Every structure is written in structure tokens, then in C-alpha cells.
Amino acid sequence: MAPPAFADLGKQARDVFSKNFHFGKVKFDCKSQTQNKVEFNVSGVSDNDNGCVSANFETKYFLKDRNCLLKQKWTTQNNLISEVQFDDYFAKGSRFILNTNLEPQSGKKSFALKSSMKGDYFNANTNFDFDPLKNGAKVNSALVLGQNGWLTGARIAFSPQLGKIEQTDFSVGYLGSDFHIHTNVTDGKKYSGSVFHKVSPDLDVAINIAFESAETASNLGIGCLYRMDPDTHLKANVNNKNKIGLALIRKLNPGITVSLCAMIDGKNFNHGGHRIGMGIDICA
């Protein structure tokens with residue numbers, strides 16, 4: 002089994018803290034599929050802080066005989082995004098993606114070419130982003146090696162036009178059957194780590210920590226996910242800044258899921274500043 006991609010290292014712990022927590026927003030997602038396997042996805046977000054509403058409409062079609070996935074997305078920001086993805090087309094474990102982003106009204110456009118390759122003990126990817134208005138091309142490359150559950154990975158972001166390395170990351174971790182450990186160093190001065198533990202089939206617990214060498218303060222959080230039953234999940238987290246996050250996820254029927262969340266400021270409990278959010282997911 003191939004190790005995860007660099008961007009997915011520590012994902013299990015991050016999901017405990019981020020998934021279904023959309024404070025100050027109302028989110029809506031609707032997915033459907035036709036008989037000939039064309040997928041439609043409509044999503045929208047209403048931001049209660051500034052009153053802005055954004056939405057997008059996406060279509061997906063999979064060409065089975067060519068292992069090719071076609072995507073097209075229209076957004077309320079007047080962006081037209083097209084993507085072509087090939088899996089296992091040139092070699093087993095390979096993936097190539099061509100992405101274009103066009104703003105018809107302003108004429109702005111950008112392109113991205115993404116490639117990845119994975120095997121039993123490695124997962125590598127390289128992305129080329131081309132934006133004529135933002136310093137031209139950028140290259141992002143990452144490699145993860147795995148052996149007996151141990152993982153080590155590195156990522157580098159390079160700007161050919163500026164001739165400099167913009168960011169480096171180095172990670173080490175362990176992926177077990179019921180627990181995951183992940184540590185990361187960014188640019189040699191930003192440190193982060195997380196621990197994920199599946200205590201039981203019904204309970205997941207996660208811890209994350211982050212700090213910078215130039216600062217004395219650190220960020221520490223503890224979170225959990227409890228499955229009351231197959232249709233009802235509860236999530237909670239708290240950090241060292243006395244911010245408490247709560248979420249309830251309820252599957253009303255096989256095609257509709259509703260989530261409610263709240264962020265409570267423990268330091269100023271009687272002074273307001275608390276935030277709530279809601280999400281609706283429909284799959285037809």
C-alpha cells in the first residue's frame with residue numbers, strides 16, 4: 002500500500018479539528034448523478050460576518066475506457082475552471098491533471114499542470130502553476146517515503162522567475178492501525194505536530210500543537226469525535242486560548258445530513274463573541 006501524499010500527512014487529526022466546523026457560515030452542498038454517470042455538484046456558502054454569498058456549480062464525467070475524469074466548474078466570482086485528469090494512463094500509480102482557470106469578464110487566466118506517482122513505498126508529486134500576473138510560474142514538489150508504518154517526507158516550493166526557494170517543509174511520522182503521529186518543520190522555524198488515536202470504534206481523539214522558534218507562545222488543541230449511533234456524531238475541541246468548538250452531525254436519511262456547530266469564547270463567556278454555523282449536505 003502506498004504511503005499518503007505529503008498534503009495528507011496528519012489529515013486524520015486535522016479532520017477532528019476542522020471537518021464540520023464552519024463557524025460564522027451557512028454551507029450547502031448538493032450532489033447528484035445521472036444514469037450515464039455524469040455527476041453534478043452545487044455548493045454555496047453564506048458568510049454571516051460580511052454578508053457575502055458565494056456559490057459554484059460543478060460537473061464531472063468519467064471516461065472509463067481512458068481512465069479520464071473531466072471536470073468543469075462555474076463560480077459566482079465569474080470564474081470558469083476546467084480540469085482533465087488521467088489515472089494510470091502512462092503507468093500504474095500515475096496521475097496527471099491539467100487545470101485552467103479563466104475569468105471571462107477580466108480576461109485573467111492561469112494554468113496548472115499536476116503530476117503524481119505512487120508505489121508501495123513512495124508517493125511523489127510535482128505541480129507547475131502558471132499565472133502571468135503573479136510572478137509567472139511556480140513549482141511545488143513533494144516526496145513521501147514509507148516503510149513498516151514509518152513515514153518521512155519533504156516538500157519544496159520554488160519560483161523560477163524570482164530564482165529562489167519560497168518554502169520548505171520536512172515531516173516525520175508513524176501510521177499505525179489505530180493511531181497516527183505527525184511532526185512537521187516549515188522553513189526551519191515553524192514547528193507543528195499532531196497525534197490521532199482511535200480509542201474505540203465509537204471514539205476518536207486528537208491533539209495538535211504548533212509554535213515558532215521566534216515566539217514564546219504556542220498553540221495547543223485537544224479534540225474528539227464520538228459516534229453516538231451510525232446517524233449521529235458529536236465533535237468537541239478546546240485550545241489553550243479558551244476557544245471551545247462543538248458540533249453535532251445528524252444524518253436525517255440516507256441522502257441528507259445536517260451539521261450544527263458553535264464556537265464559544267471561554268475567556269469572555271458573558272460578553273458575546275460566540276459564533277455559530279450550519280451545514281446541509283444532500284446526495285441524490
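For the sequence shown, our numbering begins at 2 and goes up steadily by one. Glycine included, C-beta positions come from ideal geometry on N, C-alpha and C. Owing to the predicted nature of the structure, the values given are computational and were not obtained by experimental measurement.
| query | Is it true that the CB of P4 sits closer than 9 angstroms to the CB of K12? | reply | no
| So the alpha helix (DSSP H) D188 belongs to, where does it begin and stop? | Segment: none, D188 is in no alpha helix (DSSP H) and carries neither H nor E.
| Selected residue, minimal CA-CA separation from M118, among Q106, A143, N100 | A143
| said: Quick check on the DSSP output: the beta strand (DSSP E) that includes Q86 runs from which residue to which? | reply: 81–88
| request: Pick out whichever of F18, K242, V54 has its Cα sitting closest to the Cα of T77. | output: V54
| field | V186 beta carbon near the ligand SAH (any heavy atom closer than 8 angstroms) | value | Of the ligands one can find in the structure shown there are none, so the ligand SAH has no counterpart to examine.
| message | Just to confirm my understanding: we take Y175, look at its own chain, exclude 5 residues before and 5 after, and list those with CB closer than 6 angstroms. What are they? | response | G150, W151, I182
| request: Going by CA-CA distance only, name the one from I257, G224, N243, L81 that's closest to L204. | output: Nearest C-alpha to L204 among I257, G224, N243, L81: G224.
| said: Which residue marks the beginning of the alpha helix (DSSP H) containing S116, and which one marks its end? | reply: Where S116 is concerned, there is no enclosing alpha helix (DSSP H), although the beta strand (DSSP E) it sits in stretches over 110–119.
| query | Looking only at C-alpha atoms, which of N124, G194, D282 sits nearest to I208? | reply | For the residues N124, G194, D282, the minimum Cα distance to I208 belongs to G194.
| query | Any idea if G139 is buried or exposed, counting beta-carbon neighbours within 10 angstroms, 16 or more meaning buried? | reply | Note on identity: in this sequence residue 139 is Lys, with Gly being the wrong assignment. Under this definition K139 is a buried residue.
| query | In its own chain, which residues sit with a C-beta less than 8 angstroms from the C-beta of T169, not counting the 5 before and 5 after it? | reply | A155, R156, I157, A158, T187, D188, G189
| Uninterrupted beta strand (DSSP E) stretches inside the region 207–282 (no shorter than 3 residues) | 219–230, 233–240, 244–254, 257–266
| task | Give the C-beta separation of S47 and D30 to the nearest angstrom, bearing in mind that I take them to be a contact with Cβ-Cβ under 8 angstroms. | result | That pair is no contact at about 13 angstroms.
| Where in the region 29–72 do unbroken runs of the beta strand (DSSP E), each at least 3 residues long, occur, reported from the N-terminal end onward? | 39–48, 54–64
| request: Give every residue of the same chain whose Cβ lies closer than 7 angstroms to the Cβ of R228, excluding the five residues on either side of it in the sequence, and list them in chain order. | output: Closer than 7 angstroms at Cβ, skipping near neighbours: D203, H234.
| Does any CB atom of chain B fall closer than 9 angstroms to the CB of L176? | The displayed structure is made up of one protein chain only, and chain B is not part of it.
| request: Return helix, strand or coil for D1, following the three-state DSSP convention. | output: Only positions 2 to 285 of the chain appear in this structure, which leaves residue 1 out of reach.
| query | Using CA coordinates, which residue listed in F180, S178, N141 is at the minimum distance from I166? | reply | N141
| task | Could you please give me the residues that DSSP links to A125 through a beta bridge? | result | M118, L144
| field | 6 angstroms Cβ shell around D282 - same chain, five flanking residues per side excluded | value | D30, T258
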